[in-house]
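Worksheet: the structure to be examined is printed underneath.
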Amino acid sequence: LGFPIGSLDLRVMRWDGSADRAILSGLPSEGASLWYFWTAAFAPDGERVAVTDGEKILLARLNSPDRETYSLESTPFRGGRMLGWSEDGGELLFYGRFGPLPKEHTLIGAWNLNTRKTRILFDRFISTALPRGLENPRGMRRIAVFTKEAEDPHSGCELELVDARTGTTENISPHACRFAASLDQGERLVAYADCSTPPGPGRRHSQVHLRDLERGVDTVLSDLEGTTFSIKFSPDGDQLLVRRASRADLPDLVMDLRGGTQTIEAGWRPLGWPGSGRALVARAPDAAHPAAMGTLDTRSGKISIIHSGLAPKIFE
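Just so we're aligned: 259 in the working numbering is position 274 of the sequence shown, and the numbers increase by one with no gaps anywhere.
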């Protein structure tokens, strides 16, 4: 997603930066306050992409100029955020506000594209739920949900996994760092970070964990200074992208589950995985450099720039 002033384009490119083209152009952008609600997700068929701004849903085909628009006013979700597609491609998963004021609350639901009906999957307080549509075009079986926050804001949230078919839940951690969780593509493993506050003023730590959901085994992979902001599994499940808090002295990491950790060059932040062994990274503009996207070879550490001059909103 690139943000020209006053409008939004949805663009598609290959991971080497070639074949860059817009498939949706001139969409209105109402300012930074709505950036959080703009999400895009590829369908499991690889042909469709859904985009939402919290008020409407746009469906486009990658190789067709046709597009469809649906208003979220016809659904229970107002200001809702799209999480991704169901495994069969027939439903879009959302979380958002529901119910009459002042008793309005948040929930997770599945909106059927054919019947326009909504199934409620999770109806409790939600701090945030993680979209996975661009990482996992095969659709979602489980949704990572951060619920009740601890009394100490630095002690994290409860992390639960919600089954996207049945709505059943599985508790993972009572002190997870918000946003820092990722499921592998087979949804057998979940990596997450637990927040902790060691003795001493101003000290924050986080532990990166790996949970085997089939065997119920939980392993601590690393103890890191500072808060962990996000974790992303590689497609082959062998590596993790670990994004740290925004302190300059805490580099982001590539963590190999077979052993070894590599730091990412200062100034570049990880976005995701175009493929195993290659990470997508971004550099925000500064006095010396324009904004840029690149691919990181996670074995050699080399970064190759694939696109320059993008608006900085892409990096948030």
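A virtual CB, placed ideally from N, CA and C, is assigned to each residue, including glycine.
Tell me which residues share the same chain as residue i and place their Cβ nearer than 7 Å to its Cβ, disregarding the 5 neighbours each side in the sequence.
{"i": "Phe214", "result": "Phe164, Ala165, Arg228, Arg229 and Ala230"}
{"i": "Arg104", "result": "Gly94 and Ala95"}
{"i": "Arg52", "result": "Leu9, Leu43, Leu44 and Ala45"}
{"i": "Arg254", "result": "Arg228, Asp237, Val266, Ala267 and Phe300"}
{"i": "Leu256", "result": "Leu265, Val266 and Ala267"}
In chain order, what residues of the same chain have a beta carbon less than 8 Å from the beta carbon of residue i, not counting five sequence neighbours either side?
{"i": "Ile111", "result": "Tyr80, Thr91, Leu92, Ile93, Val130, Phe131 and Thr132"}
{"i": "Met(-2)", "result": "Ala4, Asp5, Arg6, Ile291 and His292"}
{"i": "Arg33", "result": "Phe27, Leu44, Ala45, Arg46, Leu47 and Gly74"}
{"i": "Ile216", "result": "Ala165, Ala166, Ser167, Ala176, Tyr177, Ala178, Val193, Leu225, Leu226, Val227 and Arg228"}
{"i": "Ser158", "result": "Gly141, Glu143, Leu144, Tyr177, Asp179 and His194"}
For residue i, which three-state DSSP category applies?
{"i": "Ser293", "result": "strand"}
{"i": "Ser303", "result": "The structure shown has nothing for residue 303, since the chain only spans -14 to 301."}
{"i": "Ser140", "result": "helix"}
{"i": "Asn99", "result": "coil"}
{"i": "Ile111", "result": "coil"}
{"i": "Ile249", "result": "coil"}
{"i": "Lys287", "result": "coil"}
{"i": "Met(-2)", "result": "coil"}
{"i": "Arg126", "result": "coil"}
{"i": "Leu106", "result": "strand"}
{"i": "Gly244", "result": "coil"}
{"i": "Ser3", "result": "coil"}
{"i": "Ala161", "result": "strand"}
{"i": "Asp148", "result": "strand"}
{"i": "Ser215", "result": "strand"}
{"i": "Pro259", "result": "strand"}
{"i": "Arg200", "result": "coil"}
{"i": "Thr154", "result": "strand"}
{"i": "Phe300", "result": "Confidence in Phe300 is poor, its pLDDT being 42 and thus under 50, which makes the residue's placement too unreliable to answer from."}
{"i": "Arg66", "result": "strand"}
{"i": "Ala17", "result": "Summary for Ala17: the model assigns pLDDT 38, below 50, so the residue's position carries little reliability; its value from the coordinates is reported in the next sentence. Three-state result, Ala17: helix."}
{"i": "Glu76", "result": "strand"}
{"i": "Gly222", "result": "coil"}
{"i": "Arg229", "result": "strand"}
{"i": "Arg189", "result": "coil"}
{"i": "Glu40", "result": "coil"}
{"i": "Leu235", "result": "coil"}
Residues in the same chain with beta-carbon distance under 6 Å from residue i, minus the five sequence neighbours each way, listed in chain order, please.
{"i": "Thr261", "result": "Note on residue identity: the sequence assigns Ser, not Thr, to residue 261. Counting only Cβ-Cβ distances below 6 Å, and skipping sequence neighbours, we find Ser219, Pro220 and Asp221."}
{"i": "Gly124", "result": "Pro29, Trp70, Ser71 and Glu72"}
{"i": "Thr204", "result": "Leu195"}
{"i": "Ser289", "result": "Gly279 and Thr280"}
{"i": "Leu242", "result": "Asp223"}
{"i": "Pro(-11)", "result": "The pLDDT assigned to Pro(-11) is 41, lower than 50, so where the model puts this residue is not dependable, and the model offers no usable value."}
Mind checking if residue i is an interface residue toward chain D, Cβ cutoff 9 Å exclusive?
{"i": "Gly294", "result": "Protein chain content of the structure displayed is limited to a single chain, and chain D is not contained in it."}
May I ask you to list the residues that DSSP assigns as paired with residue i?
{"i": "Ala267", "result": "Arg254 and Met278"}
{"i": "His194", "result": "Tyr177 and Val205"}
{"i": "Gln170", "result": "Answer by DSSP bridge pairing: none, since Gln170 is not bridged."}
{"i": "Ala45", "result": "Val34 and Arg52"}
{"i": "Ala26", "result": "Ala35"}
Looking at residue j and residue i, is the spacing between their C-beta atoms short of 9 Å?
{"i": "Leu206", "j": "Leu195", "result": "yes"}
{"i": "Thr283", "j": "Pro259", "result": "no"}
{"i": "Leu68", "j": "Ala28", "result": "no"}
{"i": "Gly224", "j": "Gly286", "result": "In the sequence as displayed, the identity of residue 224 is Gln instead of Gly. No. Outside cutoff."}
{"i": "Leu209", "j": "Gly152", "result": "no"}
{"i": "Glu155", "j": "Glu145", "result": "yes"}
{"i": "Ala276", "j": "Arg263", "result": "no"}
{"i": "Asp271", "j": "Gly252", "result": "yes"}
{"i": "Leu43", "j": "Glu76", "result": "no"}
{"i": "Ser71", "j": "Arg173", "result": "no"}
{"i": "Thr54", "j": "Lys41", "result": "yes"}
{"i": "Gly211", "j": "Ser181", "result": "no"}
{"i": "Val127", "j": "Asp108", "result": "At residue 127 the sequence reads Arg, which differs from the Val that was named. No; because the gap between Cβ atoms is not below 9 Å, this pair is not in contact."}
{"i": "Arg66", "j": "Pro116", "result": "yes"}
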